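>
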Amino acid sequence: MSTRRGQSVEWNAEVGRLSWDDQLGRELREAPVPAHAPDHFERIRERMRDLAGGDGLPPAPPARGRPPVPAPPPRRRLGIRFAAAGAVAAAVVAAVAVSWAGVPGIRRATPAPATADTVLARVQTALTHLGSISGDVVEYGSARGRPYAHRVGSFTFTSRGDYRIVQTAEGVAYTYDSQKRVARRYVFRDGTPLYSEVARDLPDPGPFFNPWMGSTQVLDRSVAAYARAVIAELGPDVPVTPVTWEGRTAWSITVPEPLAGGGPDGTARIVVDAQSGYPLAVEHWNNDGEVSGTRIENVHVGGAVPRSRFTIDAQVQDKLLPMSERFRRLTMRQAAALGARATSTFTPYRPSWVPTGYRLTGITGAVNGAFLGQYRPVKAGEVGSLTVVLTYRRGFDRFCVVNRWRSDNPPGSDDPFDEDSVALSSSTRVQLTSGSLRGATASVVLGLPDWPHLYVTTGAGHDVSVSVAGDLTREELQRVADSLRPIVE
Amino acid sequence: MTYDPAEREIDEQTVRAAQRGDAEAFVRMLKYYDSRLRALAIRILRDPGLMDDALQDASIKAYQSLRGFRGDSEVGTWLYRITYTTCLDYLRRERRFQVLTGEDALADAACDDDPCDIVTRWAELEDALDRLPVEQRVLIVLVHQYGYDYRTAAAVVGVPEGTVSSRLAAARARLRRLLTEPAYVREQTS
């Protein structure tokens, strides 16, 4: 059926012993059909009870010519999408909002003295050159003097973009095979796989694809980008504290909370592994001396990871749910042509400058795609949104330029990352000084769990949103945005 | 999974019990046909939420006219007919039917021996079905997915058998073309 690069895979006439018609019937029967909401039949029973006559029988058929009694309207189902997004958002909020108590011990140690600039360079080098990293994610803190630590799961990431994230408590595992571009979500109960969801051709997955990520991923994968962006805010000569962290030689940097994208008070501390340069922990202290943080234990950096790690061997073939976010890989020419489908001018942009070492690794587009901003159902034949995503990678680093046109643009939806932002995010305004969007005012957002990102609206009615997001500092975000030019066919 | 004609219809006792006011018998009836009604509804409406709503309404309509059901057709055909007309009403009312545009310019290699191949096949089948007019799509489901004969399909859709035949021929021809042509050709010709 699928024909890629001219290779007919399945849908040829007379495949095997089946006629084409039989094959069609078989495929139709095998294709999944959505299940009802759990209370579907109970709701029908309720409505039947409302309608039944005194004799308990179904109502008599209406007399000819008499208008039928209208059925009571069904209760509308809440969108699964919002439920899923809400659950993820709740998990993230819970992870950062609970008052934690207890602080893991930090002992002063004597690695080489360093400044913020040294640490920034080490983080930069780590993200550029690391082939892989794995570890366990622990959320910890203190509340009313009682220490708390909770292992939320484990992760493995590679510089190719593969990942495996296991959220033990939730019974969910996520994998992404970057070579096949297949994302999977496995759901377990008591260790037994219940079902698996599969999608392909997503843009190089980032934290905005909630169904294909766990909240821990948002925290641990973006911790490095966040840490680097925050450290870059400091003066280069600010001294940092050498410490021993979980037996590893590390540096500890304390920054004012507002600088870290948090509230007006308190401080944030970032601990960076002196050997690998990878951030080991980010923690937030309030003025009452309470702390909440995320740390990585059992860290392994570097080394080859077999691809089999990014597919879980779970026998869920019978419960395989295909998911589509409608994204497709495109050529640059196709991406430009996608703009013609908008009802007003939609010009996707690409940067003419990227930081040293970055290269374009993917162009993805979607008509009426989901999960980049609030979801809005489209009407018959309507193109409600167009999205073009350019992905750049530099080793472990990555960033995306997301071009998004929407036929309507409700207030607050300009930021493609806004759907699950938490209060920690804050934005500042900057004016773009060059490029095709020169003169436009952009917002720069720096705060967990979002990736550092910048967004700007343009087009007639500001219905086009362009964002730059990923492993970039504030300065780099703006410089990339200052270099945006239209993609031309 | 195949559909043996002998197993297509629920037993008469259950139908009679439902007509006598046995609510659970009626729900059993609905459940017996549920997977087929869902398949029909989702292919018309393309939205799981709407599918549920429409099937609720169709169920209530069936319940309301249950006393008047005299067995002129099979129960399944009767339920299909009600579901079909209810879904069409939803379609007109909600205008939520999404016409996919030709963004499906796939550029890379398929993945071998992977569940995603199944997913891709389903996705392409869904895409192709979406491109058919709803009247043709329903007939594909009834005849090819569930093996109903033209007479029954005609009764469900409310058109003569000859029309079923011509619509199906057109639908098959279009599907065959859509499913065997490369995506970029589809884009250029759609």
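Chains as they are written, first to last, in the working numbering: chain A, 2 to 490; chain B, 61 to 250. Even glycine gets a Cβ: it sits at the ideal position worked out from N, Cα and C. Source: prediction; values computed, not measured.
Which residue or residues does DSSP assign as beta-bridge partners of Y149 (chain A)?
Counting from 1 along the first sequence, the entry for residue 149 (chain A) is found at position 148. Its beta-bridge partners are A:G142.
> Please indicate yes or no: does the CB of T146 (chain B) lie closer than 8 Å to some heavy atom of the ligand PLP?
Ligands are entirely absent from the displayed structure, and the ligand PLP is therefore not among its contents.
> Mind pulling the chain B residues with CB within less than 8 Å of A230 (chain A)?
Here residue 230 (chain A) refers to the residue found at position 229 of the first sequence. Chain B residues near A230 (chain A): none, gap ~33 Å exceeds 8 Å.
> Does the Cβ-Cβ distance between L110 (chain B) and Y150 (chain B) come in under 9 Å?
The residue you call residue 110 (chain B) lines up with position 50 of the second sequence. The residue you call residue 150 (chain B) lines up with position 90 of the second sequence. Yes, the Cβ-Cβ distance between L110 (chain B) and Y150 (chain B) is below 9 Å.
> Considering only DSSP beta bridges, list what E284 (chain A) is partnered with.
Start at 1 with the first residue of the first sequence, and residue 284 (chain A) comes out as number 283. BP columns for E284 (chain A) point to A:R270 and A:G294.
> Closer than 7 Å by C-beta to R296 (chain A): which residues in its own chain qualify, once you throw out the five before and the five after it? Chain order, please.
Counted from its first residue, the first sequence places residue 296 (chain A) at position 295. Excluding residues within five positions, the ones whose Cβ falls inside 7 Å are P105, V139, Y141, L281 and A282.
> So, is L260 (chain A) buried or exposed, given that buried needs 16 or more other C-beta atoms within 10 angstroms?
Locating residue 260 (chain A) in the first sequence gives position 259, counting from the first residue. Exposed, by the Cβ-count rule.
> Residues of chain A with a CB under 7 Å from the CB of P108 (chain B): which are they?
Along the second sequence, one-based indexing puts residue 108 (chain B) at 48. Within chain A, the residues near P108 (chain B) are P35.
> Going by CA-CA distance only, name the one from A:P453, A:L438 and A:D472 that's closest to V465 (chain A).
Numbered from 1 along the first sequence, position 464 holds the residue referred to as residue 465 (chain A). If we check each option's Cα against that of V465 (chain A), A:L438 comes out closest.
> Any idea if E291 (chain A) is buried or exposed, counting beta-carbon neighbours within 10 angstroms, 16 or more meaning buried?
Reading the first sequence from its first residue, position 290 is the one you call residue 291 (chain A). Burial call: buried.
> Against S119 (chain B), what residues of chain A qualify as contacts under a CB-to-CB distance less than 7 Å, listed in chain order?
What you label residue 119 (chain B) is simply residue 59 of the second sequence in a count that begins at 1. Residues of chain A passing the Cβ test: I45.
> So which residues of chain B does G26 (chain A) contact, with C-beta pairs closer than 8 Å?
Here residue 26 (chain A) corresponds to residue number 25 of the first sequence, with the count starting at 1. By Cβ distance, chain B contributes H204, Q205 and G207.
> Closer than 9 Å, Cβ to any Cβ of chain A: which residues of the segment 209-224 of chain B, in chain order?
Residues: none.
> Closest to L121 (chain A) by CA distance: which of A:D274, A:A482, A:R201 and A:R27 is it?
As a working mapping, residue 121 (chain A) is identified with position 120 in the first sequence. Of the listed residues, the one whose Cα sits closest to L121 (chain A) is A:D274.
> Could you check how far apart the C-beta atoms of V203 (chain B) and L100 (chain B) are, in whole angstroms? I think they sit under 8 Å.
Here residue 203 (chain B) corresponds to residue number 143 of the second sequence, with the count starting at 1. Here residue 100 (chain B) corresponds to residue number 40 of the second sequence, with the count starting at 1. With a Cβ gap of about 12 Å, V203 (chain B) and L100 (chain B) do not count as contacting.
> Can you list the residues of chain B that D22 (chain A) reaches, using a CB-CB cut of under 8 Å?
Residue mapping note: residue 22 (chain A) aligns to position 21 of the first sequence, counting from 1. The answer, in chain order, is H204 and R232.
> Hey, how far is the Cα of D132 (chain B) from the Cα of G81 (chain B)?
The count along the second sequence starts at 1 and reaches residue 132 (chain B) at position 72. The count along the second sequence starts at 1 and reaches residue 81 (chain B) at position 21. Rounded to the nearest angstrom, the two C-alpha atoms are 20 Å apart.
> Taking the beta carbon of A336 (chain A) as the centre, do at least 16 other beta carbons fall within 10 Å, making it buried, or is it exposed?
In the first sequence, counting from the first residue as 1, residue 336 (chain A) sits at position 335. By the neighbour-count rule (16 or more Cβ atoms within 10 Å), A336 (chain A) is buried.
> Within 9 Å (strictly less), CB to CB, does Y175 (chain A) reach chain B?
Within the first sequence, residue 175 (chain A) is the residue found at index 174, counting from 1. Judged by the 9 Å Cβ criterion, Y175 (chain A) is not in contact with chain B.
> Nearest to P349 (chain A) by CA position, among A:R399, A:R185 and A:R405, is which residue?
Here residue 349 (chain A) refers to the residue found at position 348 when the first sequence is read from its first residue. The shortest C-alpha separation from P349 (chain A) is found at A:R405.
> Hey, V302 (chain A) and I134 (chain A): beta-carbon distance below 9 Å or not?
On the first sequence, residue 302 (chain A) is found 301 positions in, with the first residue counted as 1. On the first sequence, residue 134 (chain A) is found 133 positions in, with the first residue counted as 1. Yes, the Cβ-Cβ distance between V302 (chain A) and I134 (chain A) is below 9 Å.
> Less than 9 Å between CB atoms is the rule here; does M333 (chain A) satisfy it with respect to chain B?
In the first sequence, counting from the first residue as 1, residue 333 (chain A) sits at position 332. False, the Cβ-Cβ gap to chain B never drops below 9 Å.
> Can you name the residues of chain A whose CB is closer than 9 Å to the CB of V87 (chain B)?
As a first step, residue 87 (chain B) must be located in the second sequence, where it is residue number 27. The contacting residues are F42, I45, R46 and M49.
> Let me make sure I understand the geometry here. Which of A:G154, A:T250 and A:R310 has the alpha-carbon closest to that of D163 (chain A)?
Within the first sequence, residue 163 (chain A) is the residue found at index 162, counting from 1. With distances taken between Cα atoms, D163 (chain A) lies closest to A:R310.
> Once DSSP output is grouped into helix, strand and coil, what is the label at Q180 (chain A)?
Here residue 180 (chain A) refers to the residue found at position 179 of the first sequence. Q180 (chain A): coil per DSSP, three-state reduction.
> Under 6 Å Cβ to Cβ from Q479 (chain A), same chain only, skipping five residues before and after it: list those, please.
As a first step, residue 479 (chain A) is located in the first sequence; it is residue number 478 there, counting from the start. Excluding positions up to five away in sequence, the list reads V431.
> Which chain A residues sit within Cβ distance under 7 Å of I102 (chain B)?
Taking the second sequence and counting its residues from 1, the one referred to as residue 102 (chain B) is at position 42. Residues of chain A passing the Cβ test: V34 and P35.
> Does DSSP put R480 (chain A) in a helix, in a strand, or in coil?
Taking the first sequence and counting its residues from 1, the one referred to as residue 480 (chain A) is at position 479. Note: R480 (chain A) maps to helix in three-state DSSP.
> Using three-state DSSP, classify G26 (chain A) as helix, strand or coil.
Taking the first residue of the first sequence as position 1, residue 26 (chain A) is located at position 25. In the structure shown, G26 (chain A) sits in a helix (DSSP, three-state: H, G or I).
> For a cutoff of 9 Å on Cβ pairs, would you count I488 (chain A) as touching chain B?
What you label residue 488 (chain A) is simply residue 487 of the first sequence in a count that begins at 1. Cβ-Cβ to chain B under 9 Å: no for I488 (chain A).
> Please look up how many angstroms separate the CB atoms of R399 (chain A) and D205 (chain A), rounded, as I've assumed it's under 8 Å.
Taking the first residue of the first sequence as position 1, residue 399 (chain A) is located at position 398. Taking the first residue of the first sequence as position 1, residue 205 (chain A) is located at position 204. Right, the Cβ-Cβ distance comes to about 6 Å (below 8 Å), so this counts as a contact.
> Okay, do the segment 147-160 of chain A and the segment 241-248 of chain A touch, 3+ Cβ pairs below 8 Å being the bar?
With a cut-off of 8 Å, the segment 241-248 of chain A and the segment 147-160 of chain A do not count as touching, because too few Cβ pairs lie within range.
> Around the Cβ of Q180 (chain A), are there at least 16 other Cβ atoms within 10 angstroms (buried) or fewer (exposed)?
Within the first sequence, numbered from 1, the residue matching residue 180 (chain A) stands at position 179. The residue is exposed, with fewer than 16 neighbouring Cβ atoms inside 10 Å.
> Could you tell me the boundaries of the beta strand (DSSP E) in which E221 (chain B) lies?
Counting from 1 along the second sequence, the entry for residue 221 (chain B) is found at position 161. Counting along the chain, E221 (chain B) falls outside any beta strand (DSSP E), though it belongs to the alpha helix (DSSP H) covering E221 to T240.
> If you follow the alpha helix (DSSP H) that T126 (chain A) is part of, which residue opens it and which one closes it?
Counted from its first residue, the first sequence places residue 126 (chain A) at position 125. Where T126 (chain A) is concerned, the enclosing alpha helix (DSSP H) stretches over A117 to H130.
> Helix, strand or coil, according to DSSP, for P69 (chain A) in the structure here?
Residue mapping note: residue 69 (chain A) aligns to position 68 of the first sequence, counting from 1. Caution applies to P69 (chain A), whose pLDDT of 44 falls short of 50 and renders its modelled position unreliable; the value that the coordinates give is listed next. Coil at P69 (chain A), not helix or strand.
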